[in-house]
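Counting the sequence shown from 1 gives a position; the working numbering is that position plus 786.
Backbone N, C-alpha and C define an ideal beta-carbon position, used for all residues, glycine too.
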Amino acid sequence: MKWRIKPWVRDLAVYEPGRPIEEVAREFGLANPAALLKLASNENALGPSRKAVRAMKAAAGAMHRYPDGGAHYLRQALARRLGVAPEQIAVGHGSNELIALLGHVFLEPGAGIVMADRAFAVYRLVARLYQADVVAVPMRDFTHDLDAMLAAIRPETRIVFVANPNNPTGTTVAPRALDRFIERVPPETAIVLDEAYVELLPPRRQPDSLKYVREGRPVFVLRTFSKTYGLAGLRIGYAIAPEEGIAALNRVRQPFNVNAMALAAAEAALDDERHVARTRRMVARGLRQLEEGFRRLGLSWTPSEVNFVLVEVGRGRAVFEAMERLGVIVRPMDAYGLPAHIRITVGTPEENEKALAALEQALAAVERL
Ligand SMILES: *Cc1c(COP(=O)(O)O)cnc(C)c1O
């Protein structure tokens, strides 16, 4: 082809998602994909709330209509629940879209972002897309080093990203340290607090990040229905920020960026407190079960409070492949500069047991290689 694809697009690394069950089943020639267990993308093992499923069924007959492009009802419901104004909320096609929209708003050649070196990979990809520079600040004990990140901020830094809790490490930053950080970041830099897993923390451990928005700080808080609410397949997330920030996001988003099925399901899911509570209990129990298993296998892991855990296995990619052959899909971590680790999503008790058995076998198989 003679196309002149922009060089920075041609050279862009492709995001490596958790491998879909269907793809792995095809590769192994499995007729029944249900034989595979996917613990690779931090999805909710309990599935979506039944209330959300009912709302989707009820909405299905109206899919000839365009969605409510302003997400009016969902924003109202979120605003009431969160104690902010509806004008301080924007809804996106997953929080991933909101990260891309933030790039649209803030990034260009010569601009830069600051992030942690083992934080969510999408920040880096979006920055590269807009030809912005990436400063990746080393983590300390797999936790954001906020002082070092602050020191890395320069006049051209347009966004600083803090994933809290962070994926793939599962770690959180201390509330007092975050307060101090927010106070010190120069006002020209947008602070993005990515809270994709925040509802999984015990309520008293959830950071009060919305106070920054209420105080008018230059903060975007990102949340999603993909993880705790079990709606990853629908692609819906939201940003909470001072009105000026939300207005900017609304200028760059597509008019119908969120589909009507997702809006219906998200509204219903928000009302299902019991589903969230059950999810939290499953995760807490599952973490204990996995940790117990890792201890038995003599492995070290990074203590987590959310629905995944980073565990050191030696040859991460080989262990990932061996587990996949045993029907359990986890996530290799070489893309995060952690070739000795894998990341395992917390499942139901039966799933965790299956994962631990596969891990044990995989470790033995890799040992023999
Ligand atoms: C999973 C995840 C997201 C988001 O996902 P969407 O499905 O696009 O809402 C965002 N940030 C982090 C850190 C994640 O792990």
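Consult DSSP for Ile885 and reduce its assignment to one of helix, strand or coil.
Note: Ile885 maps to helix in three-state DSSP.
Any contact between the region 1085-1099 and the region 947-967? By contact I mean 3 or more CB pairs, one from each, below 8 angstroms.
Result yes; three or more Cβ-Cβ pairs closer than 8 angstroms.
If you reduce the DSSP assignment to three classes, tell me which class Gly880 lands in.
If DSSP states are grouped into helix, strand and coil, Gly880 belongs with the helices.
State the beta-bridge partners of Phe947 as determined by DSSP.
Answer by DSSP bridge pairing, in chain order: Val978.
Go to Asp903, then tell me how far its beta strand (DSSP E) extends in each direction, as first and last residue.
Neither: Asp903 is in no beta strand (DSSP E) and is coded neither H nor E.
In this structure, how does DSSP classify Val870 when only helix, strand and coil are distinguished?
Reduced to three states, the DSSP call for Val870 is coil.
As a quick exercise: from Gly855, Lys792 and Phe1080, pick the residue whose alpha carbon is nearest that of Gln1040.
Minimum Cα distance to Gln1040 is reached at Gly855.
If I measure Cβ to Cβ from Leu1124 and keep anything under 8 angstroms in the same chain, skipping five residues before and after, which residues do I get?
Answer for Leu1124: Arg904, Pro954, Leu1096 and Gly1102, listed in chain order.
What three-state label does DSSP hand Trp789 in the structure shown?
If DSSP states are grouped into helix, strand and coil, Trp789 belongs with coil.
What residues sit near ligand 1, counting only those whose C-beta is closer than 5 angstroms to one of its heavy atoms, in chain order?
With the cut-off at 5 angstroms, the residues found are Gly880, Ser881, Asn882, Phe906, Ala949, Asn953, Asp980, Ala982, Thr1010, Ser1012 and Gly1023.
Between which two residues does the beta strand (DSSP E) containing Phe1094 stretch?
That run of the beta strand (DSSP E) goes Phe1094 to Glu1098.
Starting from His850 and walking both ways along the alpha helix (DSSP H), at which residues does that stretch end?
That residue, His850, is in no alpha helix (DSSP H); it is neither H nor E in DSSP.
I'd like to know whether the C-beta atoms of Val1069 and Leu986 end up nearer to each other than 8 angstroms.
Yes, these two residues count as a Cβ contact at 8 angstroms.
Name the two residues that bound the continuous beta strand (DSSP E) containing Arg805.
Taken as a continuous stretch (DSSP letters only), Arg805 belongs to no beta strand (DSSP E), as it is neither H nor E.
Taking 8 angstroms as the threshold (C-beta atoms), are Val971 and Ile977 in contact?
The answer is yes: Cβ separation under 8 angstroms.
Under the assumption that Thr1088 contacts Phe928 (Cβ atoms under 8 angstroms), give the Cβ distance between them as a whole number of angstroms.
Sure, about 5 angstroms apart at Cβ, within 8 angstroms.
Taking only the alpha-carbon atoms, compute the straight-line gap between Val810 and Gly889 and give it to the nearest angstrom.
About 33 angstroms.
If distances are taken between C-alpha atoms only, which option among Glu1053, Arg1129, Ala922 and Ala846 comes closest to Leu864?
Ranking the options by Cα distance to Leu864, first place goes to Glu1053.
Looking only at its own chain, which residues have a Cβ that is under 7 angstroms from the Cβ of Arg1000, when we skip the five neighbours before and after it?
Answer for Arg1000: Val870, listed in chain order.
Between the region 892-907 and the region 997-1017, do three or more beta carbon pairs fall short of 8 angstroms?
Touching, no.
Hey, quick one: how far does the beta strand (DSSP E) through Thr1131 stretch, first residue to last?
Start and end: His1127 to Thr1131.
Where does Lys792 land, buried or exposed, given buried means 16+ other C-beta within 10 angstroms?
By the neighbour-count rule (16 or more Cβ atoms within 10 Å), Lys792 is not buried but exposed.
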